[in-house]
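Structure first, then comments.
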Amino acid sequence: DGGITQSPKYLFRKEGQNVTLSCEQNLNHDAMYWYRQDPGQGLRLIYYSQIVNDFQKGDIAEGYSVSREKKESFPLTVTSAQKNPTAFYLCASSITLLNEKLFFGSGTQLSVL
Amino acid sequence: GESVGLHLPTLSVQEGDNSIINCAYSNSASDYFIWYKQESGKGPQFIIDIRSNMDKRQGQRVTVLLNKTVKHLSLQIAATQPGDSAVYFCAEQYAGNMLTFGGGTRLMVKP
Numbered sequence: 004d005g006g007i008t009q010s011p012k013y014l015f016r017k018e019g020q021n022v023t024l025s026c027e028q029n030l031n032h033d034a035m036y037w038y039r040q041d042p043g044q045g046l047r048l049i050y051y052s053q054i055v056n057d058f059q060k061g062d063i064a065e066g067y068s069v070s071r072e073k074k075e076s077f078p079l080t081v082t083s084a085q086k087n088p089t090a091f092y093l094c095a096s097s098i099t100l101l102n103e104k105l106f107f108g109s110g111t112q113l114s115v116l
Numbered sequence: 086g087e088s089v090g091l092h093l094p095t096l097s098v099q100e101g102d103n104s105i106i107n108c109a110y111s112n113s114a115s116d117y118f119i120w121y122k123q124e125s126g127k128g129p130q131f132i133i134d135i136r137s138n139m140d141k142r143q144g145q146r147v148t149v150l151l152n153k154t155v156k157h158l159s160l161q162i163a164a165t166q167p168g169d170s171a172v173y174f175c176a177e178q179y180a181g182n183m184l185t186f187g188g189g190t191r192l193m194v195k196p
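Going down the list, the sequences are from chains A and B. Residues are numbered in the working numbering as their position in the first sequence, beginning at 1, plus a constant of 3. Residues are numbered in the working numbering as their position in the second sequence, beginning at 1, plus a constant of 85.
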């Protein structure tokens, strides 16, 4: 059963702490993305990766970091520099970069303690 | 809990009625449009898409209409069912750029 798996579903961050959100896909897609979803707003792009060992900043990259060491995995770290991290985070993938059809994971809700 | 769905426009319909969800897009040069459905606690799911060389496309119980003159996109759901309750949002794309997403509309189906 192919798909995108995000974990954990809920995550709490203490002040000054870095936290990492996991995203794994077994769709054999080259491109992967991280979006942030806030109430009443459209999805905003944080980072994206076209291929292994390559990633680019999206519209709101400040306070976040990523890595792409394997094709299947694209973890997102929310650093202490991100002052307003509470949001729903969505990972997505597509066959190639800019292929229109994105496949999404089930999301991680991050909250600040 | 999840933060999706707060402060969204809401459409409430009776089960069995048809639903129409609207989306105004921003870029007259956009050439591809897509509708997603997002149920509570889940990620968005693809519903239907349309390219700018078309003005209508039909799927199973869903129809997307595109009016390029007024930059308007609509999603019609026939015979709405309780399982259709979700947040629906559109996205647009132009010239090989990233998708730009709208804020979404919450559809509530009353039994």
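Glycine is no exception: its CB is placed at the ideal position from the N, C-alpha and C atoms. Quantities reported herein were computed from a predicted structural model and do not represent experimental measurements.
Legend entry - 8 Å Cβ cutoff met for residue 157 (chain B) and residue 107 (chain B): Looking up residue 157 (chain B) in the second sequence gives position 72. Looking up residue 107 (chain B) in the second sequence gives position 22. Yes; because the gap between Cβ atoms is below 8 Å, this pair is in contact.
Inset, instruction - Could you give the DSSP three-state label for residue 134 (chain B): helix, strand or coil? - result: Residue numbering aside, residue 134 (chain B) sits at position 49 when the second sequence is read from its first letter. Residue 134 (chain B) falls in the strand class under three-state DSSP.
Inset, instruction - Check each candidate in A:27, A:46, A:15 and A:13 and name the one with the smallest Cα separation from residue 174 (chain B). - result: Taking the second sequence and counting its residues from 1, one reaches residue 174 (chain B) at position 89. Per the Cα distances, A:46.
Legend entry - Given 8 Å, three or more beta-carbon pairs between the segment 62 to 82 of chain A and the segment 91 to 104 of chain B: no
Legend entry - Under 8 Å from the C-beta of residue 93 (chain B): neighbouring residues of chain A: On the second sequence, residue 93 (chain B) is found 8 positions in, with the first residue counted as 1. Under the 8 Å cutoff, chain A gives 42 and 43.
Legend entry - Spatial distance of residue 165 (chain B) from residue 30 (chain A) (CA atoms): Position 80 of the second sequence holds residue 165 (chain B). Position 27 of the first sequence holds residue 30 (chain A). Near 31 Å, if we compare the C-alpha coordinates of residue 30 (chain A) and residue 165 (chain B).
Inset, instruction - For the beta strand (DSSP E) holding residue 63 (chain A), just list the boundary residues, first then last. - result: Translated into the one-based positions of the first sequence, residue 63 (chain A) becomes position 60. No beta strand (DSSP E) contains residue 63 (chain A), which DSSP labels as neither H nor E.
Legend entry - Under 8 Å between C-beta atoms of residue 128 (chain B) and residue 108 (chain A): The residue labelled residue 128 (chain B) in the question sits at position 43 within the second sequence. The residue labelled residue 108 (chain A) in the question sits at position 105 within the first sequence. Their beta carbons are under 8 Å apart, which means residue 128 (chain B) touches residue 108 (chain A) by this criterion.
Inset, instruction - Could you pull the start and end residues of the beta strand (DSSP E) that residue 139 (chain B) belongs to? - result: On the second sequence, position 54 is the one that residue 139 (chain B) refers to. First-last for residue 139 (chain B): undefined, no H or E at that position.
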